[in-house]
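Below is one structure, written out as structure tokens; the observations come after it.
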Amino acid sequence: MVELKEMLAPKHSAARTGYTLLPRYITIHNTANTGKGAGAVSHGKYLSGAGAKKAVSYHYAVDDGCIVRIIPDSENAWHAGDGANGRGNRQSLAIEICENPESDLRRATDNAAELTARLMHDWNIPLANVVQHNHWSGKDCPRRLRRGEPYSWDTFLAKVRAFYDGTSSSAPADSGILYTVQTGAFRDRTKAENYAAQLKRKGIDVFVTRRGELYTVQTGAFQDKKNAEAYAAKLKAKGVNTYVTQKGNV
0 MVELKEMLAP KHSAARTGYT LLPRYITIHN TANTGKGAGA VSHGKYLSGA
50 GAKKAVSYHY AVDDGCIVRI IPDSENAWHA GDGANGRGNR QSLAIEICEN
100 PESDLRRATD NAAELTARLM HDWNIPLANV VQHNHWSGKD CPRRLRRGEP
150 YSWDTFLAKV RAFYDGTSSS APADSGILYT VQTGAFRDRT KAENYAAQLK
200 RKGIDVFVTR RGELYTVQTG AFQDKKNAEA YAAKLKAKGV NTYVTQKGNV
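Residue numbering for the sequence shown follows numbering that gives the first Met the number 0, beginning at 0 and increasing consecutively.
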């Protein structure tokens, strides 16, 4: 992983909540700051300066060459837009992916995927609990990933899984193809989420994604077809019906 710097926001400032956090989720953001120089260190300095006076904060800022930790993992940050007692704010770690023009967005997003995998290991967080800011508040964030820049959300999750499983010591290469392992498709989102909840109770990581008019329950995304098929076979052995689909990753 790239260099991790610690630039903690001042204690007792508005940016520091003081509330204990036991992370259950990881929330992914884009900074929406496209100004020159607005990299990870700049965001760290901001929350140690003028930004410390505002009740807006995040645990990590990531660019193409650096990760900055700003709020301790054990303390919640104000980032999710779901209120003082919302699950996003009170139960999730926040990662901001920088958009400054001199930073390579693809490399920055890859670094965020690797950091996400590391935090999943550290806090025993399942892939199903890696979510977009949009999940909590409906905001169009992470805006770049949501519009396929530098690649799709499914590809981001595939990279996270690759790092988590130890199948890659660096960012997985983009082949243009993504193989997804699915267990069901529903026209009703509630039915999809209910089925996903059943699988989660069995200890299977799943997340619901929309494909056209259908809500699909997905258990994995891989850039290697053999890995996808092997994972599908593993789930079938547990009595879970699965199928592998193929699609472009951008």
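All C-beta atoms in this analysis are idealised placements derived from N, C-alpha and C, irrespective of residue type, glycine included.
A quick note: this is a predicted structure, and the numbers were derived from the prediction, not measured.
{"Item": "Suppose you measure from the CA of Leu3 to the CA of Ile96; what does that come to, to the nearest Å?", "Value": "14 Å"}
{"Item": "Given that a residue counts as buried once 16 or more other Cβ atoms are within 10 Å of its Cβ, and exposed if not, what is Ser168?", "Value": "Note that Ser168 scores 49 on pLDDT, short of 50, meaning its location in the model is unreliable and no value can be drawn from it."}
{"Item": "Tell me the DSSP bridge mates of Ala184?", "Value": "Thr215"}
{"Item": "Report the three-state DSSP secondary structure of Leu234 (helix, strand or coil).", "Value": "helix"}
{"Item": "Which runs of the beta strand (DSSP E), 3 residues or longer, sit entirely within the region 16 to 103?", "Value": "24 to 29, 59 to 61, 66 to 68, 91 to 96"}
{"Item": "Quick one: give me the first and last residue of the beta strand (DSSP E) that Lys4 is part of.", "Value": "3 to 5"}
{"Item": "When you compare only the Cα positions, how much space is there between Lys86 and Arg23?", "Value": "The sequence as given places Arg at residue 86; Lys does not occur at that position. Cα to Cα, Arg86 sits roughly 9 Å from Arg23."}
{"Item": "Which residues mark the beginning and the end of the beta strand (DSSP E) in which Val205 is found?", "Value": "Run containing Val205: none; DSSP gives neither H nor E here."}
{"Item": "Who are the Cβ neighbours of Tyr143 in its own chain at under 6 Å, not counting the five residues just before and after it?", "Value": "Just to set this straight, residue 143 is Arg in the shown sequence, not Tyr. Contacts found: Asn29."}
{"Item": "Using 10 angstroms around the beta-carbon of Gln131, count the other beta-carbons present and answer buried if the total reaches 16, otherwise exposed.", "Value": "buried"}
{"Item": "To the nearest angstrom, how far is the alpha carbon of Ser12 from that of Val180?", "Value": "45 Å"}
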